[in-house]
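Undergrad:
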Amino acid sequence: MTRLLALLLLIPVLALADIPPPPPIAAKAWLLYDFNSAQAIVSANENERVEPASLTKLMTAYLAFSALRQKTLTLEQVVPVSERAWKADGSRMFIEPRKPVKVDELLHGMITQSGNDACIALAEAVAGSEEMFAQMMNREAQRLGMKNTSFTNSSGLPDPKHYSTAHDLGLLGAALIRDFPEYYPLYSLREYRYNNITQPNRNRLLWLDPNVDGMKTGYTESAGFCLIASAKRGARRLLSVVLGANSDSGRAQESQKLLNYGFQFYDSVKLYDKGQAVSTLEVLKGSENRVKAGFQSDFYVSVPRGLADQVKADLVSMQPLLAPIGVGQKVGKVKVTLQNKLLGEYPVVALENVVIAGFFGRAWDGMRLWFK
Numbered sequence: 000m001t002r003l004l005a006l007l008l009l010i011p012v013l014a015l016a017d018i019p020p021p022p023p024i025a026a027k028a029w030l031l032y033d034f035n036s037a038q039a040i041v042s043a044n045e046n047e048r049v050e051p052a053s054l055t056k057l058m059t060a061y062l063a064f065s066a067l068r069q070k071t072l073t074l075e076q077v078v079p080v081s082e083r084a085w086k087a088d089g090s091r092m093f094i095e096p097r098k099p100v101k102v103d104e105l106l107h108g109m110i111t112q113s114g115n116d117a118c119i120a121l122a123e124a125v126a127g128s129e130e131m132f133a134q135m136m137n138r139e140a141q142r143l144g145m146k147n148t149s150f151t152n153s154s155g156l157p158d159p160k161h162y163s164t165a166h167d168l169g170l171l172g173a174a175l176i177r178d179f180p181e182y183y184p185l186y187s188l189r190e191y192r193y194n195n196i197t198q199p200n201r202n203r204l205l206w207l208d209p210n211v212d213g214m215k216t217g218y219t220e221s222a223g224f225c226l227i228a229s230a231k232r233g234a235r236r237l238l239s240v241v242l243g244a245n246s247d248s249g250r251a252q253e254s255q256k257l258l259n260y261g262f263q264f265y266d267s268v269k270l271y272d273k274g275q276a277v278s279t280l281e282v283l284k285g286s287e288n289r290v291k292a293g294f295q296s297d298f299y300v301s302v303p304r305g306l307a308d309q310v311k312a313d314l315v316s317m318q319p320l321l322a323p324i325g326v327g328q329k330v331g332k333v334k335v336t337l338q339n340k341l342l343g344e345y346p347v348v349a350l351e352n353v354v355i356a357g358f359f360g361r362a363w364d365g366m367r368l369w370f371k
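Using numbering that gives the first Met the number 0, the letters of the sequence shown map in sequence onto residues 0 to 371.
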C-alpha cells in the first residue's frame, strides 16, 4: 500500500480539547474518515461485519478502472450481454442481449443507476465470469488492507459469505478516489439515461449539499439503508460511512451530521511535504554515510480544531542502517503526539538510494559496528 492507514486514538484526543462528542447516529455501524490523513476521526462498530449491499459496487468499479488503466478494457469497447446479466435481480439499467452496450455506458449504469445487470456484464468482460471476478475482488481487498471483507458477487446481492465492515469500506472508498481521480467525477452525476429510461442517482446529498461529490448508496432488506458520502471543503476531503440506517432520507441525514461534525471540529494538519527530508540518518557500509528520510506523499494528521500548533513529531531511526538502501525502503518511524498523548506511529522511508561502499569502506564500517 502506498500510504499508511492508521486510526486516530480517539479517547485521549477528545479529552484534550473542549469539543463536543460526535452526534448520535441512527445506524448499525458508522465511521468518519479524513482522506488527507487517512485517519478515522470518529466511529462506532466500525469492525463489525455487515452486509455491504450495493456498496460492493465500489470494488467492481475499482477493478473496472484498473482494467481500463491496464488497457485490457476500453471505454468504447462493446460488451456482450449474457442471459445472466440480462436477468439480474434487483436494481437494473435494463441492458438487453441483442442491443450493443459499451463499457462507458455500463460504468454509468452501475455508478449512477446502481444496475446489477451492469455489474455482471462488467465482471464478465474483465474476468470471463462473475465467479472469477469475485476472486479478483477478494485479492484486491486484501491488497488494500480490507482484512474483514469477503465478496462472492459483483453487485452486493445477499450471501452469507458476502460481508464487509465500515472500516474496510472506508478504506475502499478512499482508495478509489486516490487511485482513480480521473474516473471519480462519475460519482457526482445526478442522473443517467439508457434504453430510453432515465434514473436518478440515489445519493440525496448530491442535491442537498454542494460540497458532496459522491459516492455510493446501498440497500437490501437485511442490510438496511447504506451510504458512503464524500465531501470536499477547500483542501479537505472527508468520507462518511453509514451502514444500516432506517430509511433513504435517514442515511442522508446521518451522513450529513457526520460530515458537518468533522469539518466543524477537526482539522487536517500537514506535517511534511512529499519528498521533504524529515532528517538524514547514518548509513554504514554505503557509498554515502547518510541518507535522506521522509514520506513519499504529503503527510497529514487529523486533530481537534485549535490544537494544530501543539502537534509534535519525533523521528526514531532503525539503527544500524546498512547499505544497500533503496528509495522507499523503511528506515525509521515518526511518533506523532499531541500534548504528550500518542496519536500514531508512521513509517519513514529512504528518499534516495545508497549503494554498497568499496572494500575498504565496508571494512572500516565493519570495525565500527564491532566496537559498537
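From the three backbone atoms N, C-alpha and C, an ideal C-beta is built for every residue, glycine too.
Measuring alpha carbon to alpha carbon, tell me which of Leu280, Gln309, Gln38 and Met109 ends up nearest Glu190.
TA: Met109
Undergrad: Under the DSSP definition of a beta bridge, which residues are partnered with Thr383?
TA: With the chain covering only 0 through 371, there is no way to say anything about residue 383.
Undergrad: Hey, Met135 and Leu204: beta-carbon distance below 7 Å or not?
TA: no
Undergrad: Output yes or no for whether 7 Å exceeds the beta carbon distance between Gly172 and Thr55.
TA: Cβ atoms of Gly172 and Thr55: not closer than 7 Å.
Undergrad: What are the uninterrupted segments assigned as beta strand (DSSP E) that are 3 or more residues long and contained completely in the region 34–95, given in chain order?
TA: Runs of the beta strand (DSSP E) lying entirely within the region 34–95 and spanning at least 3 residues, in chain order: 38–43.
Undergrad: The alpha helix (DSSP H) spanning Met214 covers which residue range?
TA: From DSSP, Met214 is part of no alpha helix (DSSP H) but of the beta strand (DSSP E) over Val211 to Thr219.
Undergrad: What is the DSSP secondary structure of Ser128, counted as helix, strand or coil?
TA: When DSSP states are grouped into helix, strand and coil, Ser128 belongs to the coil group.
Undergrad: What does Ile227 pair with, by DSSP beta-bridge criteria?
TA: Lys215 and Val240
Undergrad: Cβ of Gly331 within 7 Å of Cβ of Val315?
TA: In this structure, Val315 lies closer than 7 Å to Gly331 by Cβ.
Undergrad: With burial defined as no fewer than 16 other Cβ atoms inside 10 Å of the residue's Cβ, what is the status of Glu75: buried or exposed?
TA: Exposed, by the Cβ-count rule.
Undergrad: Suppose the cutoff is 7 Å on Cβ atoms and the five residues either side in sequence are ignored; what does the same chain contact list for Ala66 look like?
TA: Leu72 and Val125
Undergrad: Hey, Ile18 and Pro303 are a contact pair by Cβ (cut 8 Å); roughly how many whole angstroms apart?
TA: 5 Å
Undergrad: Give me the Cβ distance between Gly249 and Ala28, rounded to the nearest whole Å; I'm assuming they're in contact under 8 Å.
TA: Incorrect: roughly 14 Å between the Cβ atoms, too far for contact.
Undergrad: Return the Cβ separation of Gly169 and Leu238 in integer angstroms, given the expectation that the two are a contact with Cβ distance under 8 Å.
TA: 6 Å
Undergrad: Since Ser163 and Val49 should fall inside the 8 Å C-beta cutoff, what is the C-beta to C-beta distance between them, to a whole number of angstroms?
TA: Contact flag correct, Cβ pair sits at about 7 Å.
Undergrad: Count the CB pairs spanning the region 251–270 and the region 206–215 that are closer than 8 Å, and state whether there are at least three.
TA: yes
Undergrad: Count the other C-beta atoms from every protein chain shown that fall within 10 angstroms of the C-beta of Arg460, then say buried if there are 16 or more, exposed otherwise.
TA: Only positions 0 to 371 of the chain appear in the structure, and residue 460 is not among them; the question remains open.
Undergrad: Quick one: residues in its chain with C-beta nearer than 7 Å to the C-beta of Ala26, no 5 flanking neighbours on either side, listed in chain order?
TA: Val241, Leu242, Gly243, Ala244 and Glu253
Undergrad: Return the first residue and the last residue of the alpha helix (DSSP H) that Lys256 is part of.
TA: Asp247 to Phe264
Undergrad: Could you check if Leu341 is buried or exposed, using at least 16 other CB atoms within 10 Å of its CB as the buried criterion?
TA: exposed
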